[in-house]
Amino acid sequence: VFMLIAFNGHWKIVLLQKLEEGLRAGTKLTKKYILYQNNTVEFCLMFNNAFDILNMRNQFAKRTIYKVPLTDKNYKLKAHTDNIIQYISDFKTVQGLLILKIYRKVGFLGFIICLKNTFELWYVLKQLELNYLLTFKFNQNHLKTYFIAIRSRGGFNDNPNAQQFQTAYKRLIVRHEISALEKSNCLINDIHI
Numbered sequence: 001v002f003m004l005i006a007f008n009g010h011w012k013i014v015l016l017q018k019l020e021e022g023l024r025a026g027t028k029l030t031k032k033y034i035l036y037q038n039n040t041v042e043f044c045l046m047f048n049n050a051f052d053i054l055n056m057r058n059q060f061a062k063r064t065i066y067k068v069p070l071t072d073k074n075y076k077l078k079a080h081t082d083n084i085i086q087y088i089s090d091f092k093t094v095q096g097l098l099i100l101k102i103y104r105k106v107g108f109l110g111f112i113i114c115l116k117n118t119f120e121l122w123y124v125l126k127q128l129e130l131n132y133l134l135t136f137k138f139n140q141n142h143l144k145t146y147f148i149a150i151r152s153r154g155g156f157n158d159n160p161n162a163q164q165f166q167t168a169y170k171r172l173i174v175r176h177e178i179s180a181l182e183k184s185n186c187l188i189n190d191i192h193i
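Going by this note's numbering, the residue at position 73 of the sequence shown is 73; the numbering climbs one at a time, nothing skipped.
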């Protein structure tokens, strides 16, 4: 039995392990599970921060260092991103192999590529006099919603031919309306066409 409590934004596990050891229950929490708590907390925080960096929505946000748009003023965000990239690069499997050297590296490598490319894109767009960059706009849900609308115009044809695509595209342009269906796997967040 254990309790998870937050103190000043940091999670702590309050253990009742002695009682648990004495009971010898079938689903007990033993010392081997407790040893990894700090690593789990660090892993969760790093990936939470990475998601926040890749999902910035509000140009006026000032809540945390990770939930702000990319600007010249928040130069500390790049250093934190470099720490996240280094953490992912140093991540090892139970066997001691680097996660980026095995066949299950795709998700971790994807995070690194997205984080690096976000800042590279910001440096390019900054030269074009862009004041800030909201990374939420790179989310693929907008694209999914658009293609759901295209497919729905053709009777949910997953593979429309050129003429069917052109007809559906023209209808969407003329009506200026894209809406997601209830059964689709993404929702419209802030699409205004």
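We put the beta carbon where it would ideally sit given N, CA and C, even for glycine. Remember, predicted model here, so these are calculated numbers, not experimental data.
Taking C-beta to C-beta, are residue i and residue j nearer than 8 Å?
i	j	result
I198	F108	Because the chain spans 1 through 193 in this model, residue 198 falls outside it and cannot be assessed.
L121	Q59	no
A149	L115	no
N49	Y66	yes
F91	I102	no
T257	Y132	Since the first residue of the chain shown is 1 and the last is 193, residue 257 is not available in this structure.
A61	V68	yes
I53	T93	no
Helix, strand or coil for residue i? Go by DSSP, reduced to three states.
i	result
K144	helix
L133	strand
L128	coil
L45	helix
Y87	helix
A61	coil
Y123	helix
D52	helix
N117	helix
D158	coil
K78	helix
N139	coil
Tell me the DSSP bridge mates of residue i?
i	result
L197	Coverage of the chain is limited to positions 1 through 193, which leaves residue 197 absent and any answer about it impossible.
L172	Answer by DSSP bridge pairing: none, since L172 is not bridged.
L70	L133
With distances taken from CA atoms, which of the options is nearest residue i?
i	options	result
L77	I173, N131 and T118	T118
T57	Y123, F136 and R153	According to the sequence displayed, residue 57 carries Arg and not Thr. Ranking Y123, F136 and R153 by Cα distance to R57 puts F136 first.
K73	K126, N83, V106 and A168	K126
N55	E129, T64 and F138	F138
F47	G110, T93, L97 and V94	G110
E42	Y75, I53 and N83	N83
Y146	E129, Y75 and F165	F165
I112	Q95, R153, F51 and E129	F51
Is there at least one Cβ from chain C nearer than 8 Å to residue i's Cβ?
i	result
K144	Absent from the structure is chain C; it holds one protein chain and no more.
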